[in-house]
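First the structure, in the form of structure tokens, and then the observations on it.
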């Protein structure tokens, strides 16, 4: 028997993955540990290695197909194994906007050799019973009941539609939906079908018509074209998370102007030496990560999170760093930052940022952060207030370091200064607690030697 | 056949009257059932008609007068003790469970216990935690007892007349809210309703709503509203819990694919649980959704009307449960 290649779960929240590309073709051999395919989750593009050695016997989920976690995406054959006749297609969660690979049409085989119940399919007893009577494979049926349960009606519909001529692709959009799409200017390739087996219905099209990003370029009377581009996944995730954060976490902001002269001097000393000795380029962000990581453990409430069950507390100091990428904002996480020296912080930050820009981060590399630093100094922003990175309770927004007038001992002196703004979730900590953390951080920035003390 | 409208209380009274006239072994006993005619007027004028030997006022002494009745039944009488507030049937528990229910078996059939214990049930009158409970499920749990739960004046009369001809102990539960509020057609002519025969109060195809006693009324109202949405509900009244008409329940759910079970007794380990189990077993291959159970919330019944109604199933709760059953089906 061939072994199934399943859609892996790459993170706690992952429910489906989209096939980006197969790195092997059917018939090619693959060794255990060798990259087999690339998938896209809602967070990143990930390379999947083969768990076993063998020959890629069959690809059942092709380019662009979105498959639930645990769904079969292909089959691996070991020596002497052949494909069984009943090995069937994947369970597409939705139809992608790209043509389905040529192996998806397995209905003839399935009809001849119905694979009945699998444990992954949730169906009512009535649906199971009917499926057996009618010879319908439940794996092909989309459930419309609560939590996606397959109900009896789904089975009778599936049996009826299977009885009609089989048109896998043109059947995925109802004729009415096509007409409505033309009227509304909706780009059908971007519409997710909610009907049986992912058929795009009129309602889907109408809903899509109300959603920005799903409408094709519309020519106005004057001839200018207003182009609406579909969101990337990162854009959509960012929008959803920021909306959730801003509307559910009561934010407040603590502002402080910090004397950065000693930090600037420290970086001035270390930068050339570390470049030479360790080939790393030290940034102010690295220093701030270092200072934050050493201040946070004494203020564990800053790393706590509000949940409906209660306050969730963390002991490990995983710090997120906001990174700008072509597709949008990403926040990779430096794990156990309080245990890392400056060189290691700089190295890891460069590596994470680089891979974030290439969409090559592993899903666990942006999970479990307890605090985030976002720095817009390089864009000459003096100061700004950040939206909390949910579910975290605090985020530090860093402005540019600039010579400003400082009053010192009654004298006006020019000094390198930096504005910090700490955004705080008031459900988790109050102004005084937030201020105590920020004060200690400021003290460390102004007297970096304290971090060694 | 001529038919008039009677209240639930009038139908009960008429059944007692007719059977007492037919069978002189029948006598009534309980608190204020005599000269006063019963606090719910179910024995009105029977004292005047049949005299103090057949309609006996007792002290507040449930265990005493039920025990007396069990003994009388064993000697060949057919006593009809009335528990004014069913809550206090707990005081007579030993007489009912350990004596009435056991005698026929323990004497090898030499002794029968023809006794019809009438007890009230049901909340909704702001009567507080000790005057609002529905304990029918307890008795349905005991072998040797028959448990009857009429929902309409017609059923009340027909079932009570059957009980009064029954050679075994019967627990006859009357929802006190229905006594004067529920009116319905009752034929002049004599009729009996056999035990163990459910009544389909409304035929339907999409979901089966099973309701006991007074719950039939909000359930029928819910069915009307569901019909307006295109959901065609079947409403079944089992009428007796023991014996239970399993066939009607199973056949109905095999047709509709889903069931909501509504009862005013407590949900936990209640009548709804047993009915759900009967349906799940018998109609397993036809169930298209989990069975929904609606019972009284598992708390002492509050005195505050607002809180009290929140703990009892009603039309809206029944509709919501029916929606959960048909969710995802073609409408």
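Protein chains in written order, with the working numbering: chain A, 385 to 837; chain L, 29 to 359. Ideal placement from N, C-alpha and C gives every residue a C-beta, glycine not left out.
is_contact[residue i, chain C] using C-beta, thresh 8 Å
| i | result |
| --- | --- |
| residue 316 of chain L | Considering every chain present, this structure includes no chain C. Its protein chains are A and L. |
Euclidean distance between Cα positions of residue i and residue j
| i | j | result |
| --- | --- | --- |
| residue 446 of chain A | residue 413 of chain A | 18 Å |
| residue 793 of chain A | residue 775 of chain A | 43 Å |
| residue 252 of chain L | residue 591 of chain A | 32 Å |
| residue 432 of chain A | residue 402 of chain A | 12 Å |
| residue 309 of chain L | residue 397 of chain A | 37 Å |
| residue 820 of chain A | residue 535 of chain A | 57 Å |
| residue 472 of chain A | residue 404 of chain A | In this prediction, residue 472 of chain A has a pLDDT of 47, which is less than 50 and means its spatial position is unreliable; nothing more can be read from the coordinates. |
| residue 132 of chain L | residue 105 of chain L | 15 Å |
| residue 604 of chain A | residue 589 of chain A | With a pLDDT of 41 at residue 604 of chain A, under the threshold of 50, the modelled position of this residue cannot be trusted, and the question is left open. |
| residue 81 of chain L | residue 277 of chain L | 43 Å |
| residue 387 of chain A | residue 682 of chain A | 51 Å |
| residue 160 of chain L | residue 113 of chain L | 8 Å |
| residue 344 of chain L | residue 688 of chain A | 41 Å |
| residue 482 of chain A | residue 747 of chain A | With a pLDDT of only 32 at residue 482 of chain A, under 50, the local geometry of the prediction cannot be trusted, and the value read off the model is given with reservation. About 24 Å. |
| residue 826 of chain A | residue 787 of chain A | 17 Å |
| residue 573 of chain A | residue 563 of chain A | 14 Å |
| residue 287 of chain L | residue 582 of chain A | 29 Å |
| residue 822 of chain A | residue 293 of chain L | 59 Å |
Inter-residue CB distance, residue i and residue j (contact presumed, cutoff 8 Å)
| i | j | result |
| --- | --- | --- |
| residue 580 of chain A | residue 541 of chain A | 5 Å |
| residue 360 of chain L | residue 91 of chain L | Coverage of chain L is limited to positions 29 through 359, which leaves residue 360 of chain L absent and any answer about it impossible. |
| residue 835 of chain A | residue 803 of chain A | Incorrect: roughly 21 Å between the Cβ atoms, too far for contact. |
| residue 322 of chain L | residue 300 of chain L | 7 Å |
| residue 790 of chain A | residue 782 of chain A | Contact flag wrong, Cβ pair sits at about 18 Å. |
| residue 350 of chain L | residue 261 of chain L | 6 Å |
| residue 800 of chain A | residue 785 of chain A | 5 Å |
| residue 181 of chain L | residue 211 of chain L | 7 Å |
Coil, strand or helix - residue i by DSSP
| i | result |
| --- | --- |
| residue 636 of chain A | strand |
| residue 690 of chain A | strand |
| residue 773 of chain A | coil |
| residue 219 of chain L | coil |
| residue 409 of chain A | coil |
| residue 32 of chain L | strand |
| residue 652 of chain A | helix |
| residue 784 of chain A | coil |
| residue 71 of chain L | coil |
| residue 394 of chain A | coil |
| residue 200 of chain L | strand |
| residue 612 of chain A | coil |
| residue 170 of chain L | coil |
| residue 738 of chain A | helix |
| residue 213 of chain L | strand |
| residue 755 of chain A | strand |
| residue 520 of chain A | coil |
| residue 232 of chain L | coil |
| residue 106 of chain L | strand |
| residue 260 of chain L | coil |
| residue 488 of chain A | Note that residue 488 of chain A has pLDDT 33, beneath the 50 cutoff, so the model's placement of it is unreliable and the number below is only indicative. Residue 488 of chain A: coil per DSSP, three-state reduction. |
| residue 795 of chain A | strand |
Interface partners of residue i on chain A, CB under 7 Å
| i | result |
| --- | --- |
| residue 285 of chain L | 510, 536 |
Partners in chain L for residue i, counting only beta-carbon separations shorter than 8 Å
| i | result |
| --- | --- |
| residue 527 of chain A | 356 |
Selected residue, minimal CA-CA separation from residue i, among the options
| i | options | result |
| --- | --- | --- |
| residue 157 of chain L | L:216, L:186, L:325 | L:325 |
| residue 754 of chain A | A:725, A:647, A:685 | A:685 |
| residue 773 of chain A | A:806, A:746, A:798, A:786 | A:806 |
| residue 576 of chain A | A:520, A:444, A:566, A:593 | A:593 |
| residue 695 of chain A | A:818, A:809, A:578 | A:809 |
| residue 103 of chain L | L:143, L:30, L:342, L:80 | L:143 |
| residue 454 of chain A | A:427, A:523, A:417, A:408 | A:523 |
| residue 194 of chain L | L:88, L:218, L:226, L:140 | L:140 |
| residue 751 of chain A | A:777, A:574, A:716, A:831 | A:716 |
| residue 420 of chain A | A:426, A:407, A:661 | A:407 |
| residue 427 of chain A | A:444, A:572, A:709 | A:709 |
| residue 148 of chain L | L:216, L:68, L:62 | L:68 |
| residue 463 of chain A | A:749, A:436, A:430, A:642 | A:436 |
| residue 727 of chain A | A:749, A:693, A:667 | A:667 |
| residue 177 of chain L | L:339, L:312, L:186 | L:186 |
Within chain A, partners of residue i - CB distance below 8 Å
| i | result |
| --- | --- |
| residue 313 of chain L | 509, 510, 512, 513 |
| residue 352 of chain L | 530 |
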